[in-house]
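Each position in the sequence shown, counted from 1, maps to that position plus 1 in this note's numbering.
Backbone N, C-alpha and C fix where the C-beta goes; we use that ideal spot for every residue, glycine too.
These figures come from a predicted structure and were not determined experimentally.
Worksheet: the structure to be examined is printed underneath.
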Amino acid sequence: MSKNLLFDFIVDKASKTAFVNKEFDADLSLVWDAFTKQEILDQWWAPKPWLSKSKFMDFKVGGHRFYAMVSPEGQEHWSLQKFVSISPKTNFKMINAFADKDENPELPGTDWDLSFSEQNGTTKVSIVIKHDSLEQMEKMIEMGFQGGFTMTLTYLEQLLANIK
């Protein structure tokens, strides 16, 4: 039986915030691991045909992940995620910023707040992405963030179905 899983992506320019809600037909532990373990993140955290390649990840408060999205031609676009709070299997917050290959962030970054909950074998991830300015948000929209992130979450859904 196929479940009708929630997926919405709301952009609120007035608050400079994007709200993403996605349900997965997988248990909470597996979905949490998919967002917090490098070996799983690198399998889905990029819109195809791009790949995600972590150079470093230390998932703890004060830790960070430094990774590149790599094009089929080998072009690398680096990003830095700094973990600011973690409540295991329920929530983590991070600052996400583009960076150069030497880990120097291109400020400002965006504030991400990811919450996880499970009900009847379905795990819901609610993501709030807060931008410092409307200009920054509009730049992300122009770069195709909504389509790209939607694509990556769809890849995660497929990956989780194959892991189950």
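Only buried fits Gln-82, as 16 or more other CB atoms lie within 10 angstroms of its CB. Under the three-state reduction of DSSP, Val-32 is assigned to helix. The Cβ-Cβ distance between Ser-118 and Asn-97 does not fall below 8 Å.
Pairing Ile-87 with Val-62 gives a Cβ-Cβ distance under 8 Å.
Residue state for Gln-120 is assigned as strand, using DSSP reduced to three classes. Between the region 36-55 and the region 16-28, the count of C-beta pairs closer than 8 Å stays below three; the two stretches do not touch. Close CB contacts of Thr-111 within its chain, under the 8 Å cut and outside five residues either way in sequence, are with Ile-96, Asn-97, Ala-98, Ile-130, Lys-131, His-132, Asp-133, Gln-137 and Met-141 (chain order). Take Trp-33, set aside five residues on each side of it, and the residues of its chain with a beta-carbon closer than 7 Å to its own are Lys-90 and Phe-117, in chain order.
Less than 8 Å separates the beta-carbon of Ala-27 from that of Leu-161. The criterion of a C-beta distance shorter than 8 Å is satisfied by Lys-4 and Thr-123. Burial check for Glu-143: the Cβ neighbour count within 10 Å stays below 16, so the residue is exposed.
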